[in-house]
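Everything below concerns the one structure shown next.
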Amino acid sequence: MIEIVGLKKILDDTVVLNGIDLKIEKNKTTVVIGESGCGKTVLLKHIIGFFKPDEGEIFCDGERIDTLSWKGWNALRRKMTMVFQNSALFDWLSVYDNVALPLREQLNLPEKEIAEQVEEKLGMVGMAGQNKKMPAELSFGMQKRVSLARAMILNPEYILYDEPTTGLDPIIANSIIELFSAFKKTYHTTSLIVSHDISIVFKIADKVALMKNGSIIFQGSVDDLGKEENSYIKKFISR
Ligand SMILES: Nc1ncnc2c1ncn2[C@@H]1O[C@H](COP(=O)(O)OP(=O)(O)O)[C@@H](O)[C@H]1O
Ligand SMILES: [Mg+2]
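Be aware that the sequence shown starts at 0, since it is given in numbering that gives the first Met the number 0, and climbs by one per residue.
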């Protein structure tokens with residue numbers, strides 16, 4: 000479980016995170032939603048150590064992670080992976096080499112084993128047989144699939160994804176977010192998805208947190224979100 004306690008962050012004299020308490024439970028898909036600018040990406044960047052909290056603490060499986068050294072983070076990176084909104088593939092590498100890259104950087108495996116793992120993950124995201132293609136030959140949705148295969152190649156326990164559906168048409172967007180359910184089923188991956196797109200919540204969230212101006216104003220089940228009487232929440236979910 001990832002646990003965020005009393006997280007506060009001020010950037011450029013503005014309170015961007017105003018005391019966030021959030022639990023990301025194992026084997027569940029948690030979706031954090033909120034309007035653009037409410038602090039979702041800054042929150043994710045705290046979990047992966049890009050930002051340090053001004054106040055508060057972050058734990059992963061009981062271990063305090065916001066105070067980790069660079070070395071400590073390296074160990075954690077295999078357990079937790081993040082896909083940024085614009086995380087592009089390396090356009091000079093083939094699909095195969097893009098997906099194999101984290102394996103090559105982190106582990107010393109024979110090429111046969113690398114090939115098996117790359118094939119498995121490409122199959123998982125519906126990109127089997129596309130090994131030799133270059134990123135420029137793929138549609139945007141296919142590029143997203145390959146970047147997900149790359150994110151999954153080290154079998155992380157946690158995958159953090161910033162705005163998985165932005166820039167995709169609804170059918171492609173659906174097929175992408177369904178992959179998170181598939182990862183959960185096949186690999187027991189715990190996903191934290193951050194988005195302004197409420198439709199993701201109704202499709203795959205086990206748990207939802209709604210952010211507004213740097214605070215979490217609701218967290219709980221999707222059913223309970225639907226029962227909320229707060230006018231802001233009602234308006235947000237009917238969009
Ligand atoms: N590196 C930064 N320096 C200063 N302000 C930042 C920085 N990153 C984000 N912000 C500000 O923090 C707020 C929240 O940003 P962000 O987390 O990117 O929002 P969201 O992802 O919910 O759209 C915004 O007002 C943004 O301008
Ligand atoms: Mg963002």
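In this text, a Cβ means the ideal position worked out from N, Cα and C, and glycines have one as well. If you're wondering where the values come from, they're calculated on a predicted model, not measured in any experiment.
- Proximity of the beta carbon of residue 222 to ligand 2 is not indicated: no heavy atom of the ligand is located closer than 7 Å.
- Separation of residue 24 and residue 90 (C-alpha to C-alpha, rounded to the nearest whole angstrom) is 35 Å.
- The beta carbon of residue 161 sits closer than 7 Å to at least one heavy atom of ligand 2.
- In this chain, the alpha helix (DSSP H) harbouring residue 75 covers 69–76.
- One Cα belongs to residue 4, the other to residue 133, and the distance between them is close to 43 Å.
- When Cβ pairs closer than 8 Å are counted between the two stretches, the region 24–33 is seen to touch the region 206–221, the count reaching three or more.
- Within the chosen limit of 7 Å, ligand 2 reaches the beta carbon of residue 40 through at least one heavy atom.
- Fully enclosed alpha helix (DSSP H) runs of no fewer than 4 residues occupy 39–46 and 69–76 of the region 31–95, in order along the chain.
- When secondary structure is reduced to three states using DSSP, residue 141 falls in the helix class.
- The Cβ neighbour count for residue 73, taken over all protein chains shown within 10 Å, is under 16; the residue is labelled exposed.
- Here the distance from the Cβ of residue 48 to the nearest heavy atom of ligand 1 is not below 7 Å.
- Its Cα nearest to that of residue 143, the residue 175 stands out among 182, 131 and 175.
- Each residue's CA atom was taken as its position, placing residue 122 and residue 111 some 17 Å apart.
- Assigned with DSSP and collapsed to three states, residue 5 falls in strand.
- The beta strand (DSSP E) runs lying completely inside the region 93–168 and spanning 3 residues or more are 157–161, given in chain order.
- Beta-bridge partners assigned by DSSP to residue 188: none are found.
- By the C-beta density criterion, residue 45 is buried, having at least 16 other C-beta atoms within 10 angstroms.
- In terms of Cα proximity to residue 235, the closest of 102, 211 and 220 is 211.
- Residue 26 carries a coil assignment under DSSP once its states are collapsed to helix, strand and coil.
- Taken from the Cβ of residue 11, at least one heavy atom of ligand 1 lies inside 7 Å.
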